[in-house]
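K.L.:
In our numbering, the protein residues as written are 1125 to 1565.
1) Here's the rule I'm using: 16 or more other beta-carbon atoms within 10 Å means buried, otherwise exposed. How should residue 1183 be labelled?
2) Please name the residue in 1196, 1324 and 1323 whose C-alpha comes closest to that of residue 1376.
3) Could you name the residues of the same chain whose beta carbon sits closer than 7 Å to that of residue 1269, not counting the 5 residues immediately before and after it, in chain order?
4) Got a sec? Which residues, its chain only, sit under 8 Å from residue 1439 by beta carbon, not counting five neighbours each side?
5) Under the rule that 16 or more other beta-carbon atoms within 10 Å means buried, what is residue 1469, buried or exposed?
6) Of all the options 1320, 1557, 1168 and 1203, which has the alpha carbon lying nearest to the alpha carbon of residue 1400?
7) Would residue 1209 and residue 1234 be called neighbours here (beta carbons separated by less than 7 Å)?
8) Roughly how many angstroms lie between the CA atoms of residue 1282 and residue 1295, to the nearest whole one?
9) Candidates 1404, 1330 and 1363: which alpha carbon is nearest residue 1263's?
10) Residue 1496 to residue 1342, Cα distance in whole Å?
11) Sorted by chain position, which residues of the same chain lie with C-beta nearer than 8 Å to residue 1515's C-beta, five sequence neighbours on each side aside?
12) Three or more beta-carbon pairs under 8 Å between the segment 1307–1323 and the segment 1540–1554, yes or no?
13) Tell me the DSSP secondary structure of residue 1335 in three-state form.
14) Please classify residue 1237: is it buried, with 16 or more other beta-carbons within 10 angstroms of its beta-carbon, or exposed?
15) According to the Cβ coordinates, are residue 1158 and residue 1424 closer than 7 Å?
16) Report yes or no: do three or more beta-carbon pairs, one from the segment 1488–1503 and one from the segment 1221–1235, lie closer than 8 Å?
17) Report buried or exposed for residue 1544, applying the criterion of at least 16 other Cβ atoms within 10 angstroms of its Cβ.
18) Excluding the 5 residues flanking residue 1177 on each side, which residues of the same chain have their C-beta closer than 7 Å to its C-beta?
19) Quick check: residue 1305 and residue 1277, are their CB atoms within less than 7 Å of each other?
20) Whole angstroms is fine: what's the gap from residue 1517's alpha carbon to residue 1128's?
21) DSSP three-state label for residue 1183, please.
22) Alpha carbon to alpha carbon, how far is residue 1406 from residue 1383?
23) Going by C-alpha to C-alpha distance, which of 1300, 1475, 1187 and 1512 sits closest to residue 1365?
24) Give me the residue from 1432, 1352, 1418 and 1512 with the minimum Cα distance to residue 1474.
25) Using the three-state DSSP reduction, which class does residue 1241 fall into: helix, strand or coil?
26) Between which two residues does the alpha helix (DSSP H) containing residue 1449 stretch?
27) Among 1522, 1452 and 1219, which one has its Cα closest to the Cα of residue 1328?
28) In whole angstroms, what is the alpha-carbon distance linking residue 1411 and residue 1326?
29) For residue 1506, which three-state DSSP category applies?
30) By the 10 Å Cβ neighbour count, where 16 or more other Cβ atoms means buried, how is residue 1248 classified, buried or exposed?
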């Protein structure tokens, strides 16, 4: 056996980085390297410890909410709610400069609050909104940048699945995390909208308004479109967040209510048939299995890291730096950002959160505020090349004339700057993340 913790930790993280670099699936890399290091450092008894840790993880009741929220998001996507929302926003906002881009931000914000996932809003808006924007002469970079940025709100605005995973890792209430993410998410949405308005006001060619003849729709019809598209989705959101906020249901029960409401919405829109139901169940099984496998593997990886003394080493190293507690916090945020460039959140949260949570307590930071700060930081990394998931989602559905480097990458850069402003806002004004949770009894 190897007794040096430094050597074991070097093998652990070196193997993780090497495995991901050559393209092996992340959960198998984490499990494989954990077993090797555990065998070298502890011996055969490590395997029994690993089995118990995985079993303990899968017994966590709150993780049931992941399956239910994924099902709710997929069913809502297949119900056609996003297309209806965009059509209504298109009619209402299309007459403004940059109106279609504003409609995308509005729809992505609403869909984020109704689905809790990132990929679906980006893909749906890429399929339905992007062709319409390009047809109306919108700037390609502005169009794809807006869709990518708006789509990432789904991992921050509740019912974010990322927050469901984060809560148990940090010993925080998922309900309070949900409420803490509401205002920061809306601030980011507002920053996107303000940027679009300013740019399209200064340069109307970036987002020309719809011609008058295409805006000549009776107000009664506009009102009907808004009512039939926004109100049902709003009630679905209220069924989840409202029940949590008013103490009617815990997050897992609220997820079940939301899943049932999404089925009712698909039924009301006449989009629920056997094929839709079957595809929704299969899609839920596929995505949930992936998430839960990575969560279990990351728990084993983190447990191995802690068992080898890694937690104490990191704590001593960070607290020993002559940079003050804010400097240490910046290093933690940089770690979340760096890992976010190369990994999905589902692999980052179970690894870094258990390591950093005790250090946050030692530094005297509010763990709920820090959690929201870290989540906004990760959201920023998902827009940042080279491995930004949102960029590859939009690339897969964008027309051929939309180039990856010239339009997609450059189009997201201004929104990355807006994300930095959002991070600064949460850091400087902690009440953005703490006010709503403080109202929860």
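Virtual Cβ for every residue (Gly too), placed ideally from N, Cα, C.
Treat the numbers as computed from the prediction; the structure is a model and nothing was measured.
P.N.:
Based on what the coordinates show:
1) exposed
2) 1196
3) 1535, 1536, 1538 and 1539
4) 1482, 1483 and 1486
5) buried
6) 1203
7) yes
8) 18 Å
9) 1330
10) 43 Å
11) 1272, 1507, 1509, 1528, 1532, 1533 and 1536
12) yes
13) coil
14) buried
15) yes
16) no
17) exposed
18) 1423, 1424 and 1427
19) no
20) 43 Å
21) coil
22) 15 Å
23) 1300
24) 1418
25) coil
26) 1448–1466
27) 1219
28) 43 Å
29) coil
30) buried
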